[in-house]
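Residue numbering for the sequence shown follows my numbering, starting at -9 and increasing by one per position.
Where a beta carbon is used, it is the ideal one built from N, C-alpha and C, also for glycine.
Okay, so here's the structure we're looking at.
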Amino acid sequence: MGGNEVACFLLEGRGEWEDLKARLLRSFPDLLFQLVDARSGSNERFFRLITAQTLKASGDGSLLARKPEVDLLLRLARTTQISEALARVGYKRGEKRILIAAGKKWEVMRLVASGIVVGMRLRSVELSENEWLSVEEAAILSALRT
């Protein structure tokens, strides 16, 4: 990922996403943040590979949507339809969720060290066959657009 990093946290409890998002964006304006339903994955390596696709697409102007945050949601849901992506992997109020933070390595490391995000960091382990298939399907979305 050449200088980029991803950190994923499992968030539980009734914390308000909008408040956390505002604090994160104020403190780390150059990072990409996305909140997804916790059932969409539990492996940081899986999220790292999909997020790498979004960061690359953002760098070369080939995002699936106008915003990288939406592109990431589409890739995680393996669809080009925003409403489908929200239904499949979007965070629903009151449920467990995963915060994905991505960007320059030093900036992500600064976020992790800051302690602003109160949540358990996801483990990074070998991908399952299903996770590999999902990563491939997410990559194919870009090919379908060209």
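A buried status is given to Ala67, since no fewer than 16 other beta-carbon atoms sit within 10 Å of its beta-carbon.
The beta carbon of Ser132 lies closer than 8 Å to those of Gln43, Ala47, Ser52, Leu54 in the same chain, with the five residues before and after it left out. In this chain, the beta strand (DSSP E) harbouring Arg87 covers 87 to 94. At the C-beta level, Val60 and Ala75 come within 9 Å of one another.
Rounded to the nearest angstrom, the gap between the Cα atoms of Glu8 and Asn(-6) is 25 Å.
Here the stretch 21 to 29 does not lie against the stretch 112 to 120, with fewer than 3 beta-carbon pairs under 8 Å apart. DSSP places Ala128 within a helical segment (H, G or I) once states are collapsed to three.
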